[in-house]
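Presented below is the structure to which this report refers.
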Amino acid sequence: GDFPIETDTIVIGAGPGGYVAAIRAAQLGQKVTIVEKGNLGGVCLNVGCIPSKALISASHRYQGAKSSEDIGITAENVTLDFGKVQEWKAGVVNKLTSGVEGLLKGNKVDIVKGEAYFVDENSIRVMDENSAQTYTFKHAIIATGSRPTEIPGFQYSKRVLDSTGAINLDELPEKLVVIGGGYIGIELGTTYANFGTEVTIIEYEKDILGGFEKQMTALVKRNLKKKNVNVITKAEAKSVEETESGVKVTYSSKGEEHTIEADYVLVTVGRKPNTDELGLEQVGVKMNDKGVIEVDKQRRTSVPNIFAIGDIVEGPMLAHKASYEGKIAAEAISGQSSEVDYLGIPAVVFSEPELASVGYSEQDAKDEGIEVIAARFPYAANGRALALNETDGYVKLITRKEDGLIIGGQIAGANASDIIAEIGLAIESGMTAEDVAMTIHAHPTLGEMTMEAAEIALGTPIHVM
Ligand code: FAD
């Protein structure tokens, strides 16, 4: 028999959106059940953010061990055990996913394994291998994430990889073709290049990493070139032929067709929301023609007791965006007036050098007719950057001309991903250039560059002329 199990709030999907929503809802006194068909932690922890960063960091260490002659260090016989790297990476993932399980249990969230779909606006059915169970709820939060899109002519297989396949390879490719120069393609392409793979990146648009400023992507391109990564822009991937031991990828560029051979091809051309198998039409949850669920500022769907967060709703497909929305939705369900506000959301690429942006860019300000001061401080003038031998890049602070209010920042350079947090905080707290300039920053640190940029904005820089 199938007696429905009652709960206050049901969360579907345990990625960075869902598990955070579940914990926050439980903290606010709700009885919460979370349903996950795969592994706790979702894409981000299992096959996204975390394992990709583990591989990036391993590849940096390998590169650093092999080539630090310019600072007087040489090493011989530096070897790479790629299997061991993969084992270590799996350990990192494991630690985090079991951590999530502990947090959910600690917050008394019921974890249910299985695939959920909606029966009506107050119940879902969860299917496991050989069982089915109905759950009724007052509120639901959908957090089912996204999956890679395919391009015509490229069906995923053993040698035609999506990002998951590329992250979980058990051998190091000699040659790899990457289709798509977005952040996932650039991060994984750089990683394999560092490990010694010959990498070719094919990008349809006229530049890689669309959305970031030219000055920033130029630094990444220069670095890729140094690593002998071949970046082909304005090129269209046409087809792939699988051979016994690899692939032949055909692409067109400037009206001509070319073929490259490689061991594998990685296709990273975007992701689509997992909203097609949830029975959403049945309950009247509105979506656009791309399957993106329509939501209000509290992430409430067209059905008032059902919320949606993360990759399945508008906005950038990023883990921190999913988690932020998870908190907002959980608070909204608990009767709080929380609403999303995206001015302070950072975007980061873990490329070489790292790129990070938050709030307004100079161009955004121009588009909106806001007069700004864009104050730029170079890594080459920062003591810590020199001591780290990381002199490529800059910190740029965007302040409103009329009152010095900090409204944005862009960083290209080592640890940009961490430094950007201070600018995000400044934006969120309504700080001015003077506030940051008067904040004492430890010396010598990369963080000082934000203070220096603020001083430039005020017209009184100390360390540049
Ligand atoms: P997901 O993490 O996709 O989780 C959704 C979960 O729902 C999954 O576990 C899925 O199994 C489950 N599910 C789906 N349907 C059902 C169902 N019917 N029933 C039960 N469960 C279901 N973002 C960053 O911010 N920083 C990064 O550095 C970064 N790197 C990335 C690298 C790669 C290679 C990739 C692919 C992505 C990366 N991302 C990164 C993006 C990030 O992973 C996603 O934005 C994030 O995981 C979205 O979270 P989510 O909670 O919306 O969904």
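Each residue of the sequence shown is one higher than the one before, counting from 4 in full-length UniProt numbering. Yeah, the Cβ is synthetic: ideal placement off N, Cα and C, and Gly gets one too. Note that this is a predicted model, so its numbers are computed, not measured.
Find out if the Cβ-Cβ distance for the pair residue i, residue j is shorter than 8 Å.
{"i": "ALA332", "j": "ILE144", "result": "yes"}
{"i": "residue 469", "j": "VAL252", "result": "Residue 469 is absent from the model: the chain starts at 4 and stops at 468."}
{"i": "residue 471", "j": "LYS330", "result": "Here the chain has residues from 4 to 468 only, and residue 471 is not among them."}
{"i": "VAL103", "j": "LEU48", "result": "yes"}
{"i": "residue 471", "j": "THR137", "result": "Here the chain covers residues 4 to 468 and nothing more, so residue 471 does not appear."}
{"i": "ALA68", "j": "VAL88", "result": "no"}
{"i": "ARG162", "j": "VAL268", "result": "yes"}
{"i": "GLY184", "j": "ILE154", "result": "no"}
{"i": "PHE198", "j": "SER62", "result": "yes"}
{"i": "LEU428", "j": "ALA388", "result": "no"}
{"i": "PRO365", "j": "ILE401", "result": "Here the sequence assigns Glu to residue 365, which means Pro is not the residue at that position. A contact, by the Cβ cut-off of 8 Å."}
{"i": "GLY313", "j": "GLU328", "result": "yes"}
{"i": "VAL96", "j": "PRO54", "result": "yes"}
{"i": "GLN285", "j": "ALA335", "result": "no"}
{"i": "THR147", "j": "LEU281", "result": "yes"}
{"i": "GLY396", "j": "ALA415", "result": "yes"}
{"i": "ALA445", "j": "ALA460", "result": "no"}
{"i": "THR453", "j": "ILE426", "result": "yes"}
{"i": "GLY78", "j": "GLY44", "result": "Residue identity differs from the one stated: residue 78 is Ala in this sequence, not Gly. No, the Cβ-Cβ distance between ALA78 and GLY44 is not below 8 Å."}
{"i": "PHE85", "j": "LEU179", "result": "no"}
{"i": "ALA265", "j": "VAL250", "result": "yes"}
{"i": "VAL223", "j": "ILE189", "result": "yes"}
Can you look up residue i in the DSSP assignment and give me helix, strand or coil?
{"i": "LEU99", "result": "helix"}
{"i": "GLY362", "result": "strand"}
{"i": "GLN218", "result": "helix"}
{"i": "LEU461", "result": "helix"}
{"i": "SER420", "result": "helix"}
{"i": "residue 2", "result": "Since the first residue of the chain shown is 4 and the last is 468, residue 2 is not available in this structure."}
{"i": "TYR397", "result": "strand"}
{"i": "SER305", "result": "coil"}
{"i": "ILE37", "result": "strand"}
{"i": "GLY4", "result": "At GLY4, the pLDDT of 48 sits below 50, so the modelled position is not reliable; the number obtained from the coordinates is stated separately. In this structure, GLY4 counts as coil in the three-state DSSP scheme."}
{"i": "GLU455", "result": "helix"}
{"i": "PRO54", "result": "helix"}
{"i": "GLY148", "result": "coil"}
{"i": "GLU177", "result": "coil"}
{"i": "LEU413", "result": "A small correction: the amino acid at residue 413 is Gln; Leu does not occupy that position in the sequence shown. Correct three-state label for GLN413: strand."}
{"i": "ASP314", "result": "helix"}
{"i": "TYR138", "result": "strand"}
{"i": "LEU172", "result": "coil"}
{"i": "VAL23", "result": "helix"}
{"i": "residue 473", "result": "In this structure the chain extends from 4 to 468, so residue 473 is not present and cannot be described."}
{"i": "ALA17", "result": "coil"}
{"i": "LEU31", "result": "coil"}
{"i": "LEU48", "result": "helix"}
{"i": "LEU389", "result": "helix"}
Under the rule that 16 or more other beta-carbon atoms within 10 Å means buried, what is residue i, buried or exposed?
{"i": "ASP156", "result": "Looking at the sequence shown, residue 156 is not Asp but Gly. It is exposed - the Cβ of GLY156 has fewer than 16 other Cβ atoms within 10 Å."}
{"i": "PRO19", "result": "buried"}
{"i": "GLY433", "result": "exposed"}
{"i": "ALA456", "result": "buried"}
{"i": "VAL181", "result": "buried"}
{"i": "SER166", "result": "buried"}
{"i": "MET219", "result": "buried"}
{"i": "ARG225", "result": "exposed"}
{"i": "GLY4", "result": "The predicted position of GLY4 is uncertain, since its pLDDT is 48 and thus under 50; no value can be drawn from it."}
{"i": "ASN231", "result": "exposed"}
{"i": "HIS142", "result": "buried"}
{"i": "LYS98", "result": "exposed"}
{"i": "ASN291", "result": "exposed"}
{"i": "ILE443", "result": "exposed"}
{"i": "GLU177", "result": "exposed"}
{"i": "LYS399", "result": "buried"}
{"i": "LYS217", "result": "exposed"}
{"i": "residue 3", "result": "In the structure displayed, the chain extends from 4 to 468; residue 3 sits before or after that span and is not available."}
{"i": "GLN339", "result": "exposed"}
{"i": "TYR65", "result": "buried"}
Residue i CB to nearest chain C CB: under 8 Å?
{"i": "ARG225", "result": "The structure shown contains no chain C; it is built from a single protein chain."}
Please specify which runs of the alpha helix (DSSP H), each continuous and at least 4 residues long, are wholly inside the stretch 422–453, giving them in chain order.
-> 436–440
List in chain order: all unbroken alpha helix (DSSP H) runs of 4+ residues lying wholly within the stretch 325–387.
-> 365–370
Ignoring anything shorter than 4 residues or poking outside the stretch 57–131, list the alpha helix (DSSP H) runs there in chain order.
-> With a minimum length of 4 residues, the continuous alpha helix (DSSP H) runs that stay inside the stretch 57–131 are 85–109.
Pair every Cβ in the stretch 230–242 with every Cβ in the stretch 199–219, then say whether three or more of these pairs are closer than 8 Å.
-> yes
Scan the stretch 179–262 and note each continuous beta strand (DSSP E) run of 3 residues or more that stays entirely inside, going in chain order.
-> 201–205, 233–235, 238–245 and 250–256
Indicate whether the contact test is met: 3 or more Cβ pairs, each with one atom in the stretch 365–374 and one in the stretch 314–330, closer than 8 Å.
-> Judged by Cβ distances under 8 Å, the stretch 365–374 makes no contact with the stretch 314–330, as fewer than three pairs qualify.
What residue ranges within the stretch 264–296 form continuous beta strand (DSSP E) runs of no fewer than 3 residues, ordered along the chain?
-> 267–270 and 274–276
Would you be able to state if there are at least three C-beta pairs under 8 Å between the stretch 291–300 and the stretch 123–135?
-> no
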